[in-house]
Amino acid sequence: MFYLRHPLVEMKQYTFLSLSVLGAVSIYATVTAAPAFAAPPSGCAVVSRASGQETAQGVTYQNLVLRTPDGGTTFKAGHLTLHGSGETPEATHDLADAASLLLMSAMTGHHNAACTDWLNTQGKRVLAGLQAGKSYDLTWQNATLAHGAAQVTVNTARYQMQGGSATASASLGMDGVSFHNVANQDLLPTAAHATFSLPAAEVPALMSAIGGRSASAPAVHATISSFDATQGEASLHGNGVATLTGNVNNTSASGHLEITNLETLIDKARTAKQMKLAAGMVVARLVSHKHGEQNTWDTKWESGVLTVNGFPIPLK
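What the sequence shown shows, in mature numbering (1 follows the signal peptide of the UniProt record, and there is no 0), is residues -38 to -1, 1 to 278, in sequence order.
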């Protein structure tokens, strides 16, 4: 099992699956926003861009910069393309702004109550678009997220979402990911891809929870059809389902994981003198099922207890 520390939250550990599920579901929300043109509230975020161009398909931006009001967190993208318009050109601009805001919030785990109502409004507008069968295709290129001394860069992040039914289907790909001043950065994936789905009606609440108040969020139900991530010679594959809420104690998830070349990750942890992390992966290996070069687990998280291949592991 991959045990990781969130790059921008003090030393709190998560399994690779939980980060993957939460990250994927969170970034799902990043493309869902589009009211009449209204920049994020001043207490929420500040957005600027060097240039922009409207097209029949959507908008293109150069040098997008988004930061929190205190300047402590900054997200930059050299190039941003959105295919999938709002009901007006101005609404399409809001869609792109909200997408970047929620991507930043998802990666940092930062919630700002000043964003809540604005994002909920955006979510209701995009829900109408999804119900009308609209699709969205968003690509960030040469993106950098900085929070204090920690920094994450991504060569390309692409998110696609398709409506037209009660369930919205989506895919997410991130390539060329690198880290600086991030805990256990040599163990974090350099590429990740996922396909998943959510009930379209739950999008507005999820958006407002990610970028705004998280504790007030109702349950959101996600199905991860496939997930894969790579780090050097090691790779992870998985699938599962999750019920996400604003309260981690009421969040549940279950799924199947496969890791190829787990030994290389254990060696990297030892080389980095992360002995507790290495020991955790050794324990995970002991309770895994072995199939050739793959270690596999069937996992379940509920009420603060992680069950791995039938073995309960209390984490509280």
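By construction, the Cβ of each residue, glycine as well, lies at the ideal position given by its N, Cα and C atoms.
Identity of the residues DSSP links to residue i by a beta bridge
i, result
"proline 161", "Thr129"
"valine 139", "Val116"
"arginine 11", "Leu26"
"aspartate 190", "His155 and His199"
"glycine 20", "His45"
"threonine 207", "Partner(s): none; threonine 207 has no beta bridge."
"alanine 75", "In the DSSP output, where bridge partners are listed per residue, alanine 75 has none listed."
Cut-off 6 Å between Cβ atoms - residues of its own chain near residue i, not counting five sequence neighbours on either side
i, result
"alanine 191", "Pro151, Ala154 and Leu198"
"serine 13", "Gln24"
"asparagine 104", "Gly40"
"histidine 45", "Gln19, Gly20 and Asp99"
"alanine 196", "Asn223, Thr226 and Leu227"
"serine 188", "Thr157 and Asn201"
"tryptophan 259", "Leu219, Ser250, Val270 and Asn271"
"threonine -7", "At threonine -7, the pLDDT of 34 sits below 50, so the modelled position is not reliable and the matter cannot be decided from this model."
"valine 8", "Arg29"
"lysine 38", "Val27 and Thr106"
"proline 51", "Glu16"
"threonine -9", "Residue confidence for threonine -9 is low, a pLDDT of 35 falling below 50, so the modelled location carries little weight and cannot support an answer."
Simplified DSSP state of residue i, which is helix, strand or coil
i, result
"glycine 147", "For the record, residue 147 in the displayed sequence is glutamine; it is not glycine. Glutamine 147 falls in the helix class under three-state DSSP."
"serine 214", "strand"
"proline 274", "strand"
"aspartate 59", "helix"
"serine 170", "helix"
"alanine 68", "helix"
"glutamate 49", "coil"
"glutamate 54", "For the record, residue 54 in the displayed sequence is threonine; it is not glutamate. It is helical."
"alanine 184", "strand"
"alanine 105", "strand"
"valine 267", "strand"
Alpha helix (DSSP H) segment containing residue i, residue limits
i, result
"glycine 91", "78 to 93"
"alanine 240", "237 to 248"
"lysine 230", "224 to 233"
Proximal residues to residue i (C-beta, below 8 Å), its chain only, five neighbours per side dropped
i, result
"alanine 162", "Leu89, Leu92, Gln93, Gly125, Ser127, Ala128, Thr129 and Ala130"
"alanine 231", "Asn146, Leu149, Met237, Leu239, Ala240 and Met243"
Proximity of residue i and residue j at Cβ, strictly below 8 Å
i, j, result
"leucine 64", "isoleucine 221", "no"
"proline 180", "lysine 86", "no"
"serine 10", "valine 21", "no"
"serine 170", "asparagine 82", "yes"
"glutamine 113", "asparagine 143", "yes"
"leucine 107", "methionine 136", "no"
"threonine 35", "threonine 78", "no"
"alanine 184", "leucine 206", "yes"
"threonine 118", "threonine 101", "yes"
"serine 97", "alanine 132", "no"
"alanine 53", "leucine 42", "no"
"serine 214", "glutamate 264", "yes"
Cβ shell of residue i (< 7 Å), same chain only, five flanking positions each side left out
i, result
"tryptophan 80", "Pro2, Pro3 and Cys6"
"lysine 262", "Ser216 and Thr269"
"glycine 95", "Gly125 and Gly126"
"arginine 247", "Leu224 and Asn257"
"alanine 76", "Pro3, Gly5 and Cys6"
"arginine 175", "His73, Ala75 and Thr78"
"residue 300", "Residue numbering for the chain in the displayed model covers -38 to 278; residue 300 lies beyond these limits and cannot be assessed."
"valine 245", "none"
"histidine 109", "Leu(-31), Gly34, Thr35 and Thr70"
Limits of the beta strand (DSSP E) - the one that residue i falls within
i, result
"lysine 96", "Here lysine 96 belongs to no beta strand (DSSP E), and DSSP marks it neither H nor E."
"asparagine 257", "256 to 264"
"glycine 40", "35 to 45"
"histidine 251", "251 to 253"
Below-8 Å beta-carbon distance, residue i vs any chain E residue
i, result
"lysine 262", "Checking the listed chains, one finds no chain E in this structure; it contains a single protein chain."
The ligand MN heavy atom lying under 7 Å from the CB of residue i
i, result
"glycine 5", "With respect to the ligand MN, the structure offers nothing, as it holds no ligand at all."
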